[in-house]
Amino acid sequence: MEQLIQLLKSNSRLTNAELAVMLGKSEQQVADDIEKLEKDGIINGYTAIIDESAFDPNTVFALIELKVTPQSQSGFDEIAKQISGYEQVQAVRLMSGTYDIIVEVTGKNIRDISLFVSQRLAAIDAVQETTTHFGLRVYKDNGIIIGSDEKDERGMF
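Following this line, the structure appears as structure tokens:
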């Protein structure tokens, strides 16, 4: 299963037939393995890695650190679930260190993200403090080098 996961992480567009050849399995075995990984919540979705600056040069990316008061019954889970529900939020992670939660967001401009922080995140009672870091350029995303003339192992830029 580990090899299958690694192949799908590097290129989720591989067909079951291609995966079967690479893994020395039948297409049906590969399909069954993928179905099990999805059913078990190990595979949660498939996505393309987009160079946002090439697609929409006005898109702004930010990492927002949150210092949060854990809730008595759910700790950080309910707060993280609430934050995850906002459409501009790309990722939410519980962290060690000075801040408790880090939120990855995208917006149309800096003002869009600033309003999200002040009107949505800062308005959550459990949020004590926020620190926003605006991204200037992405060099690598999900293991893929962005904006390079070098091709990766799939022949993609």
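The numbers in this note's numbering rise by one with no breaks, and the one at position 116 of the sequence shown is 105.
We treat Cβ as the ideally placed atom computed from N, Cα and C, and that holds for glycine.
Three-state secondary structure (DSSP) of residue i
i: isoleucine 135; result: coil
i: phenylalanine 146; result: In this prediction, phenylalanine 146 scores a pLDDT of 47, lower than 50, which makes its location untrustworthy; no coordinate-derived value is stated.
i: valine 152; result: Any question about residue 152 goes unanswered here, given that the chain covers just -10 to 146.
i: alanine 43; result: helix
Cα-Cα separation between residue i and residue j, rounded to whole angstroms
i: phenylalanine 125; j: arginine 109; result: Position check: residue 125 holds leucine in this sequence, whereas phenylalanine was assumed. Spanning the two alpha carbons is a distance of roughly 23 Å.
i: aspartate 130; j: alanine 6; result: 27 Å
i: phenylalanine 146; j: isoleucine 134; result: Because the pLDDT at phenylalanine 146 is just 47, under 50, the model does not fix this residue reliably, and the point stays unresolved.
i: leucine 52; j: isoleucine 32; result: 25 Å
i: glycine 64; j: proline 46; result: 38 Å
i: glutamate 93; j: alanine 112; result: 18 Å
i: leucine -7; j: glycine 30; result: 15 Å
i: isoleucine 91; j: lysine 70; result: 13 Å
i: phenylalanine 44; j: glycine 136; result: 11 Å
i: arginine 2; j: glutamate 27; result: 16 Å
i: aspartate 114; j: serine 15; result: 53 Å
i: tyrosine 128; j: isoleucine 39; result: 12 Å
i: serine 107; j: glutamine 62; result: 26 Å
i: glutamate 118; j: alanine 80; result: 19 Å
i: threonine 48; j: threonine 120; result: 20 Å
i: isoleucine 102; j: valine 78; result: 10 Å
i: leucine 8; j: valine 116; result: 45 Å
Cβ-Cβ separation, residue j to residue i (assumed contact under 8 Å), whole Å
i: phenylalanine 123; j: threonine 95; result: Not really, about 11 Å apart at Cβ, beyond 8 Å.
i: methionine 11; j: leucine -4; result: 6 Å
i: methionine 203; j: aspartate 21; result: This structure gives no information on residue 203, because the portion of the chain shown stretches from -10 to 146.
i: lysine 56; j: tyrosine 35; result: Contact doesn't hold; Cβ gap of about 34 Å is too wide.
To test your reading of the DSSP string, which unbroken alpha helix (DSSP H) runs of 4 or more residues are found completely within the segment 53 to 101?
66 to 73
Please give me, in chain order, every unbroken run of the alpha helix (DSSP H) with length at least 4 that falls completely inside the segment 5 to 43.
5 to 12, 16 to 28
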